[in-house]
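Quick note on numbering: the sequence shown equals residues 2 to 260 in my numbering. For reference, the structure is listed below as structure tokens.
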Amino acid sequence: MSKAGSSIGVFDSGIGGLSILSAIRKLLPQYSYIYLADNANTPYGDKTAEEIYVLTKKSVEILFEKGCILVILACNSASACALRRLQQEWLPIHYPDRKVLGILVPTIEQVTTDTYKSLGILATKATIASGAYEREIKKRAPDMKLIEQACPGLVDLIEEGAPDEEIKEKAAVFVSMLLKKSDHPPDAILLGCTHYSFKHQLFAELIPNTIQLFDQPKVVAESLVNYLKRHQEIKQKLRDVASIECIVTGKKLKKEVIN
Ligand code: DGL
């Protein structure tokens, strides 16, 4: 870690986590960020939990070696499939003074605080198969009705920079599949994959406006502000120089997507 202080690492399988980074930088613009897109291995959502764990660990390690004291998994699939194991088995042995935070817990805390009786979740296959949203939401709000829909193929289109009309057409199929699963539309829909949040506006145009579109990036950013208030030992080590560095494991990100 440099003497000048440490950066906040933000990680995703590709460009999706930029939706989280952008919301974080709105609230905490003064810090230095390193964004890592493991786009050589995207999509994570079609992989097994074990594969996602191994890849996430490798990426977090790169961010630690670059001097991050804190890494946010800006990826629902990695948060659902790898976070707990990283925190319980790997960090205490290899990096006891560093932190890895996911995005499921703040999201679940907020959706169960809001007065929703029902919630639709659009996410990757891996996130849905992990059962993490269902398990954690039911613990806090046992009566909440959940309607989950996996959206295979959508991340690939977003990642490869397909035209918005093409992404919207595919997204519309999944939104309609989700809505058909219940006689009553849910009170809110959560875009439980950060790639979908990256294309938030397209989903907003597809989802009837009687259904609230839950804003995961904003909730995650607010929760990080709170976390840093409660963890002065981390906050004091952060470098107060507004900057952003992007690392990719595959294709370079286009300049216009960063920001
Ligand atoms: N953006 C990630 C998520 O939130 C991963 C998408 C993927 O690589 O399948 O789930």
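Glycine included, each C-beta is placed from N, C-alpha and C at the ideal position.
Close beta carbons around residue i, own chain, < 8 Å, minus the five adjacent residues each side
i: S177; result: none
i: K255; result: G162
i: L203; result: D165, I168, K169 and A172
i: E137; result: L105, V106 and I109
i: I53; result: Y45, S78, A79, C82, A83 and A127
i: L207; result: K169, A172, A173 and V176
i: K4; result: Residue placement at K4 is flagged as unreliable, the pLDDT there being 46, under the threshold of 50; the coordinate-derived value follows with that caveat. Once the five neighbours on either side are set aside, K4 has no close Cβ partner at all.
i: G154; result: K171
Simplified DSSP assignment, three categories, for residue i
i: C76; result: coil
i: Y54; result: helix
i: L29; result: coil
i: A222; result: helix
i: L290; result: Lying before the first or after the last residue shown, residue 290 is absent from the chain, which here runs from 2 to 260.
i: I208; result: coil
i: Q233; result: helix
i: V61; result: helix
i: K4; result: Any reading at K4 must be qualified, since the residue scores a pLDDT of 46, below 50, and its modelled position is unreliable; no value is offered.
i: V156; result: helix
i: L1; result: Nothing about residue 1 can be read from this structure; the chain reaches only from 2 to 260.
i: S244; result: strand
i: G10; result: strand
i: A24; result: helix
i: L37; result: strand
i: L254; result: coil
Contact check, residue i vs residue j, beta carbons under 8 Å
i: E160; j: H196; result: yes
i: V249; j: A38; result: yes
i: T211; j: P187; result: no
i: A205; j: L120; result: no
i: S7; j: I70; result: yes
i: V72; j: Q88; result: no
i: Q150; j: L179; result: yes
i: Y96; j: F65; result: yes
Cut-off 6 Å between Cβ atoms - residues of its own chain near residue i, not counting five sequence neighbours on either side
i: I245; result: Y34
i: K67; result: I35
i: G15; result: A38, N40, T43 and E160
i: G17; result: T195, H196 and F199
i: R86; result: Y54
Sequence-distant residues of the same chain with beta carbon closer than 7 Å to residue i, five excluded per side
i: G103; result: L74, S80 and L84
i: Q217; result: I104, T108, L191, L192 and S198
i: K252; result: N40
i: P30; result: A243
i: K236; result: L229
i: A133; result: A81 and L105
CB contact below 8 Å: residue i versus chain D
i: A75; result: The structure shown contains no chain D; it is built from a single protein chain.
Please go through the segment 63-142 and give each complete beta strand (DSSP E) segment of 3 or more residues, from N-terminal end onward. 69-74, 100-102 and 119-124
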